[in-house]
Structures are given as C-alpha cells and as structure tokens.
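Colleague:
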Amino acid sequence: MIDGTPLHSAIAARGELLFLPLGGAGEIGMNLNLFGYNGQWVMVDLGVTFGDDSQPSIDVIMPDPVFIAERRDALLGIVLTHAHEDHIGAVPHLWRRLGAPPIYCTPFTASVLRRKLPEYGLARDVVIHEVPLSGDFSLGPFRFQMITLTHSIPEPNALAIHTPVGTVLHTGDWKFDPEPLVGQVTDFDTLKALGDKGILALVGDSTNVFKPGEAGSEAAVRASLTELIGQFNNRVAVACFASNVARLESIVMAAAAHGRRVALVGRSLHRMVESARENGYLADLPPLVSEDEVGYLPPEEVLLLCTGSQGEQRAALARIAANDHPHVVLEEGDAVIFSSRIIPGNEKSIGRLHDKLIKQGIEVVTEQDHFIHVSGHPARDELARMYALTRPKIAVPVHGELRHLYEHAELARECQVPTAVVVENGDVLRLAPGEPMVLDKVPTGRLAVDGSRLVPLGGAELKQRLRMTYNGMAVATLVLDKRGNLQTDPVLTLHGLVDAEQDEAQILIDKALDAIEDVVETFAASGRGGEDTVLRDAVKAAVRRIVHSAIGLKPVTEVHLIRL
1 MIDGTPLHSA IAARGELLFL PLGGAGEIGM NLNLFGYNGQ WVMVDLGVTF
51 GDDSQPSIDV IMPDPVFIAE RRDALLGIVL THAHEDHIGA VPHLWRRLGA
101 PPIYCTPFTA SVLRRKLPEY GLARDVVIHE VPLSGDFSLG PFRFQMITLT
151 HSIPEPNALA IHTPVGTVLH TGDWKFDPEP LVGQVTDFDT LKALGDKGIL
201 ALVGDSTNVF KPGEAGSEAA VRASLTELIG QFNNRVAVAC FASNVARLES
251 IVMAAAAHGR RVALVGRSLH RMVESARENG YLADLPPLVS EDEVGYLPPE
301 EVLLLCTGSQ GEQRAALARI AANDHPHVVL EEGDAVIFSS RIIPGNEKSI
351 GRLHDKLIKQ GIEVVTEQDH FIHVSGHPAR DELARMYALT RPKIAVPVHG
401 ELRHLYEHAE LARECQVPTA VVVENGDVLR LAPGEPMVLD KVPTGRLAVD
451 GSRLVPLGGA ELKQRLRMTY NGMAVATLVL DKRGNLQTDP VLTLHGLVDA
501 EQDEAQILID KALDAIEDVV ETFAASGRGG EDTVLRDAVK AAVRRIVHSA
551 IGLKPVTEVH LIRL
C-alpha cells in the first residue's frame with residue numbers, strides 16, 4: 001500500500017518506474033526481480049537456492065512470489081538472463097502460480113529450460129519465445145535489448161530495459177572474459193553506446209565486489225588443467241559445475257591431450273551437453289565413452305567428468321566415493337580434481353566428501369592446490385570498468401549478501417555514480433521520476449520443495465519436523481471411558497530419544513507412564529475427565545517434563561485419546 005492506495009493503482013496514477021526484488025537482494029541465489037511501470041510488471045529471472053544442514057530433507061528453496069502472484073493479470077512476461085539454476089530453477093514450480101506468463105530468453109537458455117519442464121508435466125504448456133543474441137522485443141511499455149556478456153555458462157545477457165522515463169541496465173551475472181572459449185565475447189560497443197545515450201540506473205551483480213583485480217579467463221584454466229592432468233598415472237576424475245560448458249570442453253580437451261577418454265557421470269552433465277550441441281556449441285568435442293564402457297579401459301586412459309563438486313549426496317561423485325555407483329569406481333592411487341569454488345554453506349558437505357576420498361587413498365586436488373578455477377562474476381576492476389563504460393545515474397547493487405551490497409554501493413560512488421541505493425528483498429524502489437526512493441515494503445518469504453508440494457520455509461510443518469529431528473518424538477495412547485477413567489494401561493512410544501534395547505529406556509517409559517496415570521486420575525476425580533483438549537495438554541506436559549528431567553530434551557509430543 002502507498003498512502004492507503006493499492007500499490008499497482010498508485011503506480012498507474014503516478015507513472016513511476018519501480019524496481020522490486022523478491023529474491024537475490026541480501027542473499028546470493030534465488031533471483032527474482034520485478035520492474036513496474038503504470039501498473040504493469042515484468043519479471044527478470046526466477047531462480048532457486050539449495051538447502052543445507054539446517055533444513056533436513058529440504059533440497060530446493062525459492063522466493064515466495066505472493067506479491068506478483070496476486071497481480072498476475074498485470075505480469076506481462078518473464079525474461080531470463082541465463083540458464084543457471086539460481087535464475088531459472090523456480091520456473092517449473094511457480095509458473096502456474098504466476099498466471100502462466102510467456103517466457104523470453106536466448107536459445108541456449110530455452111534448451112536448458114525445455115529439458116526441465118517434462119518432469120513437471122509442463123512440456124506442452126509453457127510458451128517460450130526464443131530471442132536471438134543481441135535481439136530485442138517489447139512487453140507493454142518496456143522494450144528489452146539483449147546485450148551479450150561473458151559468464152560461466154553460454155549466452156549470458158545483460159538487459160537494457162527501455163521505458164518512457166529512462167533506461168535501466170540489468171546486468172545479470174557477468175564478467176569480462178577476453179577468451180571465454182565457448183560463446184561470444186562481451187559486446188563492449190553496445191555497452192558504451194548505451195552509456196553515451198544515457199542510462200538511468202544499473203542494477204548489478206555484487207558477488208565478487210571484495211575481490212581485487214579481475215575474475216580471470218577460461219583460456220588460462222584450460223592450459224592449467226592440461227598441465228595438471230598430465231601429472232597423474234591412474235584414473236582421474238574431475239568435478240565441476242555442469243553448466244560451465246567451456247570448462248567441460250576444456251576438461252575433455254585436456255584429457256585428449258594425454259590420451260585419455262572421457263565419460264560423463266551424472267544426468268545434469270548429459271542434459272547440459274545436449275543443450276549445448278543443440279545450439280552449435282561443443283561441435284568439435286572428441287568422442288565420449290559411456291559409463292558402462294569406461295570400466296573396460298586401462299586406468300591411465302580414463303577421465304571421469306562428474307557432477308557433485310559441492311558434495312551433493314545424490315550427485316555422481318558422492319555415490320562413487322561411497323562405492324554406490326553402478327558403473328564407476330575410484331581406487332587407491334586415483335585422483336579427483338575439484339575444478340570449482342566452494343559455495344558458502346557447502347563447506348561441511350564438501351569436507352565430508354574430501355575425507356571419504358582421502359581415506360580410500362585417492363588424491364584430492366582443489367583450487368587451493370592448483371590453478372583450476374576462475375569465477376564467473378566480476379571482481380573490482382571489472383565493476384569499475386563497467387561503470388566507466390555505462391555511466392549510470394543510479395547504482396542498485398543486487399546478487400549479494402548485505403555486506404556485498406554496501407561495498408558495491410561504495411565502489412559505485414568511487415566510480416563517480418551520483419547515487420547508489422541499497423535495497424533488500426521486498427523494498428519498492430522508485431527509480432523515476434525524481435530522486436530514487438524506497439516507497440514501501442511488500443511481503444516476501446521463501447518456499448521449500450517438500451516432496452511434491454511447496455510449503456513456507458518458516459511454516460509450522462517444517463518447524464515441527466526440525467524440532468522432531470533435534471528433540472525426538474513421544475506418542476502416548478490412552479483408552480478412556482466418558483468420565484475419563486482409563487480402560488486399559490496407557491501406551492507410550494519414544495522415537496529418536498533412547499535406545500529401546502537398553503534398560504534405561506524402560507525405566508524412562510515407566511516413569512512417564514506413571515505420570516500419565518496420575519494426570520488422568522486427577523482429572524477423572526475432579527470431574528474434568530471428559531475435557532479432551534485440556535486433558536491432552538496436561539498429559540503432553542507431564543511426558544515432556546519427565547523426558548526433559550531424564551535426558552535434557554523436550555520432545556514433540558502427541559497424545560491420542562480413544563473414548564469408549
């Protein structure tokens with residue numbers, strides 16, 4: 001609400017250009033950005049992030065789009081900057097909730113997205129408009145111009161969003177790589193031309209704002225990987241992000257230079273290679289071998305290109321380390337190269353994977369040991385060069401935690417940008433007319449994929465599951481008559497609290513049963529034995545008190561009352 005008026009009505013009345021992030025501002029991942037003008041909205045990116053040890057059983061998390069879902073009729077479309085999961089991963093989950101809007105992206109991103117849709121029953125439903133590289137299109141009052149950049153995936157695009165009150169440059173994820181190996185180089189001429197015409201605001205990537213210098217080139221990584229792989233005499237496995245097509249090509253080329261054959265191990269690698277070849281990439285790749293063929297080759301002729309660089313339990317490398325893969329093994333004397341960085345939050349899972357491999361006599365090589373990875377995000381010198389080229393009036397840092405956003409804003413000011421504004425998810429930022437200003441705050445949140453459902457990440461269901469995980473569960477069953485007298489002995493089951501085979505377990509259960517009987521008898525004697533809700537709460541409290549006094553935990557407790 002603005003001045004008591006519904007937000008979309010206020011926009012229509014004022015003719016304001018608004019920027020509203022619902023994900024990715026104050027965090028890395030889960031990108032969801034909205035631009036609004038005259039009551040109409042466009043969405044840029046719709047991504048996910050991934051669960052960690054703090055949320056057992058939750059693998060995928062995404063922004064809650066409730067604000068724009070309630071205004072779905074005003075959503076003109078979704079524009080995707082590139083094919084990384086933190087920019088497209090939520091599309092299959094939220095597309096219907098958003099009113100089934102059309103999607104606009106370049107051909108490679110379209111190929112990756114189309115391979116995701118059948119799993120969700122959307123193969124024939126989602127309308128995807130393929131936009132050629134450097135193409136443009138219009139949605140209502142917004143004209144979009146795709147600008148080719150470089151990143152760690154093919155066809156990353158900045159978006160020049162032209163509106164009646166000014167042009168916004170939304171960078172997406174990017175860096176300036178002079179030799180990206182796969183795909184085109186950055187379109188510097190268009191960036192400079194936009195700057196010459198005048199850019200109202202730059203909404204930009206903040207991931208590596210603390211890193212001095214430049215991110216580095218994929219060409220340099222290829223040379224280093226080639227040199228490193230030549231040092232090993234047995235099997236070599238390389239783990240990297242499946243989406244880094246240039247890195248995949250480099251690994252295959254490096255293997256071929258030393259007479260090794262490459263097998264792709266992991267479904268996402270196969271899907272990414274298929275998408276790349278569909279769009280003319282990887283055309284000169286040497287022939288690959290299948291997982292079941294690689295076991296027949298001499299170890300010195302094998303290179304396994306694996307998923308699982310972040311220690312994901314279901315990925316190929318974790319299964320290989322656990323000796324649980326149906327076709328592929330690693331043995332003492334083999335080597336595993338992690339050609340990737342550690343994403344914050346994954347340190348524990350990656351450390352556990354490293355330990356499993358090392359315990360089996362397998363050599364582990366990371367970016368701390370050898371030059372085998374460069375980031376896909378701009379370091380400080382590249383950010384400064386972007387501002388020198390585009391010269392925006394306003395800088396709006398996104399794609400970073402708060403510390404990144406504030407540092408990016410300060411760097412923008414050092415680069416002579418007149419105004420830098422830090423916003424968080426839910427902040428409604430007016431870009432024009434007038435001075436930039438946060439007008440309002442709208443509801444935001446996170447949704448988690450829980451089986452086949454989407455549930456609020458902070459909702460009661462997941463909170464209770466978490467309490468059960470850390471505190472166990474107690475279930476009491478009571479059979480009572482109408483007055484509340486026990487008709488048989490109560491039954492108590494403890495889950496995740498004590499070892500049922502130990503004598504201490506039965507002692508604890510007996511104490512709790514005595515306490516339950518005391519509560520029931522007290523209620524029956526007072527004439528309140530028929531009050532189910534109050535009786536149930538009293539029994540819960542008695543069980544929790546006994547368990548806490550014995551083992552220091554307060555279990556989730558359920559009481560089943562059966563009336564005869």
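UniProt numbering applies: residue 1 is where the sequence shown begins, and numbers increase by one. C-beta: ideal position from N, C-alpha, C; glycine also. Small disclaimer: the values here were computed from a predicted structure and weren't measured.
Comparing alpha-carbon positions, which option in Val289, Met272 and Leu353 lies nearest Gly308?
Modeller: Sequence index remark: in the sequence shown, residue 308 carries index 308 (1-based). The candidate whose alpha carbon is nearest that of Gly308 is Leu353.
Colleague: Does the beta-carbon distance from Asn33 to Asp86 come in below 8 Å?
Modeller: Here residue 33 corresponds to residue number 33 of the sequence shown, with the count starting at 1. Here residue 86 corresponds to residue number 86 of the sequence shown, with the count starting at 1. It is not a contact, given that the beta carbons lie outside the stated cut-off.
Colleague: Can we say the stretch 116-128 touches the stretch 485-492, given the rule of at least three CB pairs closer than 8 Å?
Modeller: no
Colleague: The alpha helix (DSSP H) that contains Asp205, what's its start and end?
Modeller: The residue given as residue 205 occupies position 205 in the sequence shown. It is not in any alpha helix (DSSP H) - Asp205 instead sits in the beta strand (DSSP E) that spans Ala201 to Asp205.
Colleague: Looking at the structure shown, is Leu402 part of a helix, part of a strand, or coil, going by DSSP?
Modeller: As a working mapping, residue 402 is identified with position 402 in the sequence shown. If DSSP states are grouped into helix, strand and coil, Leu402 belongs with the helices.
Colleague: Flag this pair as yes or no: are the beta carbons of Thr477 and Asp64 separated by less than 8 Å?
Modeller: Position 477 of the sequence shown, counted from the start, is the residue given in the question as residue 477. Position 64 of the sequence shown, counted from the start, is the residue given in the question as residue 64. No, Cβ-Cβ distance for Thr477 and Asp64 is not below 8 Å.
Colleague: Can you look up Tyr296 in the DSSP assignment and give me helix, strand or coil?
Modeller: The residue labelled residue 296 in the question sits at position 296 within the sequence shown. In the structure shown, Tyr296 adopts coil according to DSSP, grouped into three states.
Colleague: Kindly indicate which three-state DSSP category Leu285 falls into: helix, strand or coil?
Modeller: The sequence position of residue 285 within the sequence shown is 285, counting from 1. Coil at Leu285, not helix or strand.
Colleague: Along the beta strand (DSSP E) that carries Phe137, what are the first and last residues, could you check?
Modeller: The residue labelled residue 137 in the question sits at position 137 within the sequence shown. Start and end: Asp136 to Leu139.
Colleague: Distance check for Val422 and Glu70, CA to CA, integer angstroms please.
Modeller: Indexing the sequence shown from 1 puts residue 70 at position 70. Indexing the sequence shown from 1 puts residue 422 at position 422. Near 26 Å, if we compare the C-alpha coordinates of Val422 and Glu70.
Colleague: Judging by CA-CA distance, which residue of Ser152, Val44, His93 and Arg563 is the nearest neighbour of Ile61?
Modeller: Taking the sequence shown and counting its residues from 1, one reaches residue 61 at position 61. The candidate whose alpha carbon is nearest that of Ile61 is His93.
Colleague: Restricting to Cα atoms, I'd like to know which of Arg536, Gly529, Val265 and Ala474 is closest to Ala512.
Modeller: In the sequence shown, the residue the question calls residue 512 occupies position 512. Of Arg536, Gly529, Val265 and Ala474, the residue nearest in Cα terms is Ala474.
Colleague: Count the other CB atoms, across all protein chains shown, that sit within 10 Å of the CB of Tyr104; report buried if there are 16 or more and exposed otherwise.
Modeller: Counted from its first residue, the sequence shown places residue 104 at position 104. Tyr104 is buried by the Cβ-count criterion.
Colleague: Counting only runs of 4+ residues fully inside the stretch 239-272, write out the alpha helix (DSSP H) ranges in chain order.
Modeller: 245-257
Colleague: To the nearest angstrom, report how far apart Lys359 and Glu332 are at their CA atoms.
Modeller: Translated into positions along the sequence shown, residue 359 becomes position 359. Translated into positions along the sequence shown, residue 332 becomes position 332. Each residue's Cα considered, the two are about 9 Å apart.
Colleague: For the stretch 423-436 against the stretch 234-249, do three or more pairs of beta-carbon atoms, one drawn from each stretch, fall closer than 8 Å, so that the two count as touching?
Modeller: In short, these stretches do not touch, since the Cβ pair count stays below three.
Colleague: Considering only the alpha carbon of each residue, which of Lys463, Ala525 and Glu293 lies closest to Val556?
Modeller: In the sequence shown, counting from the first residue as 1, residue 556 sits at position 556. Ranking the options by Cα distance to Val556, first place goes to Lys463.
Colleague: Taking the straight line between their C-alpha atoms, what separation do you get for Glu301 and Thr106?
Modeller: Mapped onto the sequence shown, residue 301 falls at position 301. Mapped onto the sequence shown, residue 106 falls at position 106. Their Cα atoms are separated by approximately 37 Å.
Colleague: From the DSSP output, in three-state form, read off Gly23 for me.
Modeller: Residue numbering aside, residue 23 sits at position 23 when the sequence shown is read from its first letter. Looking at Gly23 - three-state DSSP - the assignment turns out to be strand.
Colleague: Have a look at Ala395 and Asp440 and give me their C-alpha separation to the nearest angstrom.
Modeller: On the sequence shown, residue 395 is found 395 positions in, with the first residue counted as 1. On the sequence shown, residue 440 is found 440 positions in, with the first residue counted as 1. Near 19 Å, if we compare the C-alpha coordinates of Asp440 and Ala395.
Colleague: Could you say which of Gly198, Ala379, Pro212 and Ala255 lies nearest to Ser224 if we only look at CA atoms?
Modeller: For the purposes of this step, residue 224 is taken as residue 224 along the sequence shown, with counting starting at 1. When Gly198, Ala379, Pro212 and Ala255 are compared, the shortest CA-CA separation from Ser224 is found for Ala255.
Colleague: Whose C-alpha, out of Ile320, Ser275 and Leu248, is nearest the C-alpha of Val262?
Modeller: Here residue 262 refers to the residue found at position 262 when the sequence shown is read from its first residue. The shortest Cα separation from Val262 among Ile320, Ser275 and Leu248 belongs to Leu248.
Colleague: If you run the structure through DSSP and keep just helix, strand and coil, what is Gln40?
Modeller: By one-based count along the sequence shown, residue 40 stands at place 40. Here Gln40 sits in strand by DSSP.
Colleague: Output the distance between the C-alpha atoms of residue 567 and Asp503, rounded to the nearest integer angstrom.
Modeller: A query on residue 567 cannot be resolved here, the shown segment of the chain reaching from 1 to 564 and no further.
Colleague: Using CA atoms only, rank isn't needed, just tell me which of Pro298, Pro299 and Val273 is closest to Pro287.
Modeller: Position 287 of the sequence shown, counted from the start, is the residue given in the question as residue 287. Measuring from the Cα of Pro287, the nearest candidate turns out to be Val273.
Colleague: Going along the chain, which residues of its own chain have a beta-carbon closer than 8 Å to the beta-carbon of Arg341, five neighbours each way excluded?
Modeller: By 1-based counting over the sequence shown, the position of residue 341 is 341. Taken in chain order, the residues that qualify are Glu367, His373 and Ser375.
Colleague: DSSP beta-bridge partners for Leu492?
Modeller: As a working mapping, residue 492 is identified with position 492 in the sequence shown. Beta-bridge analysis with DSSP links Leu492 to Ala476.
Colleague: I'd like the list of long-range same chain contacts for Leu208, defined as Cβ closer than 7 Å, with 5 residues on each side in sequence excluded.
Modeller: Your numbering for residue 208 matches position 208 in the sequence shown. The displayed chain sequence assigns Asn, not Leu, to residue 208. Same-chain partners within the cutoff: Ala215, Ser375, His377, Pro378 and Ala379.
Colleague: Is DSSP giving Pro164 helix, strand or coil here?
Modeller: Within the sequence shown, the letter at position 164 stands for residue 164. Residue state, collapsed to three classes: coil.
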